[in-house]
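Heads up: the structure comes next, in structure tokens.
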Amino acid sequence: MTQDLRAGGGGPSASGIGSLPGSDMPAAIRLVFDGLGGAPGVPYLPELPARGVGADLAGRGLALLVDLVAEVAPSGWRVADRPGRDHARALSHLRRDLDQLEEHTQGYEGPLKVQAVGPWTLAATVELKHGDKLLADPGACRELAESLSEGVAEHLAELRRRVPGARLVLQLDEPALPGVLRGSVPTASGFGKLRAVEEPVVRDTLRRLVETIGESAPERVPVVFHCCAPDVPFATFRGAGAAAVALDWSLLTTRQDETVAELVEAGVGLYAGVVPSLDPAAKVPLRYQDVVDSVLALRRVGLSARQLAEAVTVTPACGLAGASPQWAGRAQRLCLDAARALADVD
Numbered sequence: 001m002t003q004d005l006r007a008g009g010g011g012p013s014a015s016g017i018g019s020l021p022g023s024d025m026p027a028a029i030r031l032v033f034d035g036l037g038g039a040p041g042v043p044y045l046p047e048l049p050a051r052g053v054g055a056d057l058a059g060r061g062l063a064l065l066v067d068l069v070a071e072v073a074p075s076g077w078r079v080a081d082r083p084g085r086d087h088a089r090a091l092s093h094l095r096r097d098l099d100q101l102e103e104h105t106q107g108y109e110g111p112l113k114v115q116a117v118g119p120w121t122l123a124a125t126v127e128l129k130h131g132d133k134l135l136a137d138p139g140a141c142r143e144l145a146e147s148l149s150e151g152v153a154e155h156l157a158e159l160r161r162r163v164p165g166a167r168l169v170l171q172l173d174e175p176a177l178p179g180v181l182r183g184s185v186p187t188a189s190g191f192g193k194l195r196a197v198e199e200p201v202v203r204d205t206l207r208r209l210v211e212t213i214g215e216s217a218p219e220r221v222p223v224v225f226h227c228c229a230p231d232v233p234f235a236t237f238r239g240a241g242a243a244a245v246a247l248d249w250s251l252l253t254t255r256q257d258e259t260v261a262e263l264v265e266a267g268v269g270l271y272a273g274v275v276p277s278l279d280p281a282a283k284v285p286l287r288y289q290d291v292v293d294s295v296l297a298l299r300r301v302g303l304s305a306r307q308l309a310e311a312v313t314v315t316p317a318c319g320l321a322g323a324s325p326q327w328a329g330r331a332q333r334l335c336l337d338a339a340r341a342l343a344d345v346d
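Going by full-length UniProt numbering, the first residue of the sequence shown is number 1, and it counts up by one from there.
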């Protein structure tokens, strides 16, 4: 249920999508916990892609794989025969990040969200050793998903050891999934498109990952599926066992209203990306009440303001890696202030 995602056992909350600007992880962790470390905040392990190779979305996901390694080729990440410098760099980033998180969270008790790239976005990004992207090979996709499932389960177990007071939430990032379902992912050459993957195959792969994580955990770990692209596959995520779906609120269309209402009524939460991810160009400052109004505009789907407030975790529209440090901090405070205001909605 949505209440499993909350800082205080129910009601609206606030969080971030994951990425932040800069390369200073201790400072990023402090920013997150200073902004979201109190109720109803859901702090998270930051991602700092500005650090380069291995700190990007795909690199962090590849660092989690079991018995699969990759290297950086001129065209991007590619499956490799043995661990090399690029793989070692990705592992090093992740291990240092966990060390610094553990140091900062001594005695912490409360929710903690961690992010990992989903199997379909990873398959649409990484190339085989000799050939096209992993997405072109159904067998390679299955192997990748199994490896990622095992690696994520181990990652969560490591976080439990390091932050024993944390109630973990897992976010799986699937920005490429609409393209996987449509058949619009470019081939490695860029001259063609890879064949669409059937929706039941996509859904079942994601569901197995969720089940693997659940079976390996001593307590339930809610899984949030994040997709900041248009045409979020809500039904696929719901069928895969999503506890919540994270999305760019500005991309919601009226034809999706009924689907969103069904999600909320079924107890699936919404990570509502209503705060801009980049510094706003407007001279008029964004207020937390503007954020609240954006959330409550979804009453058009027939839900009450209270139903919406209970279902929502307020977040930026997407990651904050491209924002200024000042806006990154301000954006998180806006999310938290808006969540507190939503708690008072009747």
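Just so you know, even glycine gets a beta-carbon here, dropped at the ideal spot from N, CA and C. Being a predicted model, the structure only gives us computed values, none of them experimental.
Alpha helix (DSSP H) segment containing residue i, residue limits
i, result
"VAL264", "257-265"
"VAL301", "That residue, VAL301, is in no alpha helix (DSSP H); it is neither H nor E in DSSP."
"SER216", "199-216"
Nearest-angstrom Cα separation, counted from residue j out to residue i
i, j, result
"THR315", "PHE234", "18 Å"
"residue 354", "ARG208", "Look at the range of the chain in this structure, 1 to 346, and you will see that residue 354 is not part of it."
"ALA140", "LEU134", "6 Å"
"HIS104", "LEU62", "25 Å"
"ALA339", "ASP137", "43 Å"
"VAL126", "ALA58", "8 Å"
"ASP293", "LEU98", "37 Å"
"VAL79", "ARG299", "46 Å"
"PRO230", "LEU252", "8 Å"
"GLY8", "ASP56", "Any answer about GLY8 is weak, because its pLDDT of 35 lies below 50 and its placement is not dependable; what the coordinates show is given next. Distance between the alpha carbons of GLY8 and ASP56: 32 Å."
"SER15", "TYR44", "7 Å"
"LYS193", "GLN256", "26 Å"
"THR259", "GLU199", "17 Å"
"VAL180", "GLU71", "23 Å"
Bridge-paired residues (DSSP) for residue i
i, result
"LEU170", "VAL114, VAL223"
"GLY41", "ALA14"
"THR315", "GLY273"
"VAL72", "TRP77"
"PRO186", "LYS193"
"GLU103", "Bridge partners of GLU103: none, in fact."
Member of the options whose CA lies at the smallest distance from the CA of residue i
i, options, result
"LEU96", "ILE29, PRO276, GLY107", "According to the sequence shown, residue 96 is Arg rather than Leu. Here the closest residue by C-alpha is ILE29."
"TYR271", "ALA176, LEU57, ALA317", "ALA317"
"THR313", "GLU174, ARG287, CYS335", "CYS335"
"PRO325", "LEU48, ARG82, VAL42", "LEU48"
"HIS226", "LEU170, PRO111, VAL275, GLY190", "LEU170"
"GLU215", "GLY37, ALA157, ALA338, GLU265", "ALA157"
"ALA311", "GLN256, ALA321, ALA323, VAL345", "VAL345"
"VAL152", "VAL163, VAL114, PRO164", "VAL114"
"ASP279", "SER189, PRO218, PRO21", "PRO21"
"LEU172", "GLY183, ALA188, LEU148, HIS130", "LEU148"
Range of the contiguous beta strand (DSSP E) that encloses residue i
i, result
"ARG78", "76-80"
"LEU247", "244-248"
### Message
Restricting to runs no shorter than 3 residues, where is the beta strand (DSSP E) found entirely within the stretch 118-144?
### Response
none
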